[in-house]
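Engineer: In this note's numbering, the protein residues as written are 348 to 637.
We put the CB at the ideal spot given by N, CA and C, even for glycine.
Mind looking over this structure? Questions follow.
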Ligand code: AMP
Ligand code: MG
């Protein structure tokens, strides 16, 4: 699949400068991609139905990106191919005081739906090694001295290990975690910010703090590479998806979703012996009604 070339499973390092933010390199045609995306949404719905009926495995999709990369609109689009009954979308904002008084995975684990379902996380525990690391927020945490005494680098290396362990734990318990980074160029982010400012339907999404984060753009890119390298595994891969054109992002994400669904157990439960005879009996009974 086309998305494979954007996949990181720990076997090769991630160099975002070498990866495109747009569709040019892939030589695709927009009209064709739109058709394929529409077909993917149909296939996605069928696979999700089987995942739900099967019930042995759950899927967690994590979307991470800088502002205006299209996390919300990607989720909206993917959701249009899924049955809401088997999906739980959670947006992780700045932790509140209750969340901050727990370990950083507490709120995440609470948001995990039962097996057979799909979780979509709009941001996640990866914020705890991204925005927290950029702004040194760990310094303000109410935690015992032993957790911070090794210094900043040790603190975040430790968190990377905790994230790897958590994702292994989920895998061993029947959940697959797939991480998607929407790779937006700095130039396109500027265009989208300007559009947000000018458009009355979008200006509520913009705030001055978005500019403050943009000032750290290069630092974030570097950190994303580090985080991807530290946490990409065969079982829980990362995808660094070009995000400058939404039509292409949506297509690639739909491919990633379908690929993950196919890997999960998705067999309709087989009725036990005798149950088919029971069904036939019921049919006869219903037909005899009129
Ligand atoms: P938005 O997704 O635009 O609604 O913004 C949510 C904000 O919450 C972003 O600025 C995130 O960086 C921030 N956020 C999410 N999780 C955390 C976290 N664990 N620690 C600090 N800030 C966070
Ligand atoms: Mg925002």
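For the beta strand (DSSP E) that contains residue 526, what are its first and last residues?
Structural biologist: 522 to 530
Engineer: Does DSSP put residue 586 in a helix, in a strand, or in coil?
Structural biologist: The three-state secondary structure of residue 586, taken from DSSP, is strand.
Engineer: Would you call the CB atoms of residue 383 and residue 598 closer than 8 Å?
Structural biologist: With respect to residue 598, residue 383 sits close: the two C-beta atoms are nearer than 8 Å.
Engineer: Going by beta-carbon coordinates alone, are residue 292 and residue 354 separated by less than 8 Å?
Structural biologist: Limits of the chain in this structure are 348 at one end and 637 at the other, which puts residue 292 out of reach.
Engineer: In terms of DSSP beta bridges, what is residue 436 paired with?
Structural biologist: 467
Engineer: For the candidate residues 439, 460, 372, 461, whose alpha-carbon lies nearest to that of residue 451?
Structural biologist: 439
Engineer: DSSP three-state call for residue 451: helix, strand or coil?
Structural biologist: Correct three-state label for residue 451: coil.
Engineer: In whole angstroms, what separates the C-alpha of residue 635 from that of residue 511?
Structural biologist: 59 Å
Engineer: Would a C-beta distance cut-off of 8 Å place residue 430 and residue 385 closer than the cut-off?
Structural biologist: no
Engineer: Tell me, please, which residues DSSP counts as bridged to residue 405.
Structural biologist: The partner list for residue 405 (beta bridge, DSSP) reads 522.
Engineer: Alpha helix (DSSP H) containing residue 559: first to last residue?
Structural biologist: Residues 555 to 561.
Engineer: Using beta-carbon positions only, say whether residue 399 and residue 433 come within less than 8 Å of one another.
Structural biologist: yes
Engineer: Can you have a look at residue 520 and say buried or exposed, based on whether 16 or more other CB atoms are within 10 angstroms of its CB?
Structural biologist: exposed
Engineer: Going by the DSSP bridge assignment, what does residue 411 pair with across the sheet?
Structural biologist: 528
Engineer: According to the Cβ coordinates, are residue 422 and residue 436 closer than 8 Å?
Structural biologist: Closer than 8 Å, so yes.
Engineer: Going by DSSP in three states, residue 612 sits in which element: helix, strand or coil?
Structural biologist: Looking at residue 612 - three-state DSSP - the assignment turns out to be coil, as it is neither helix nor strand.
Engineer: Using a threshold of 8 Å, state whether the C-beta atoms of residue 543 and residue 549 are closer than that.
Structural biologist: Cβ atoms of residue 543 and residue 549: closer than 8 Å.
Engineer: Going by the C-beta, is residue 555 closer than 7 Å to any heavy atom of the ligand AMP?
Structural biologist: no
Engineer: With a threshold of 16 other CB atoms inside 10 Å of the CB of residue 475, please say whether the residue is buried or exposed.
Structural biologist: buried
Engineer: What's the gap between the Cα of residue 546 and the Cα of residue 375?
Structural biologist: 30 Å
Engineer: Write down the C-beta distance between residue 360 and residue 565 rounded to the nearest angstrom, noting that I regard them as a contact closer than 8 Å.
Structural biologist: With a Cβ gap of about 18 Å, residue 360 and residue 565 do not count as contacting.
Engineer: DSSP has residue 355 in a bridge; who is on the other side?
Structural biologist: 585
Engineer: At the level of alpha carbons, what is the spacing between residue 494 and residue 500?
Structural biologist: 12 Å
Engineer: Would you check whether the ligand AMP has a heavy atom nearer than 7 Å to the C-beta of residue 470?
Structural biologist: For residue 470, the CB falls within less than 7 Å of some heavy atom of the ligand AMP.
Engineer: Using CA coordinates, which residue listed in 504, 582, 387 is at the minimum distance from residue 516?
Structural biologist: 582
Engineer: Going by other Cβ atoms of all chains shown within 10 Å of its Cβ, with 16 needed for buried, is residue 424 buried or exposed?
Structural biologist: buried
Engineer: Beta-carbon separation of residue 466 and residue 417 under 8 Å?
Structural biologist: Not in contact: residue 466 and residue 417 (Cβ atoms no closer than 8 Å).
Engineer: Which word fits residue 505, buried or exposed, when buried means at least 16 other C-beta atoms lie within 10 angstroms of its C-beta?
Structural biologist: exposed
Engineer: For residue 491, does the count of other Cβ atoms within 10 angstroms reach 16, so buried, or fall short, so exposed?
Structural biologist: exposed
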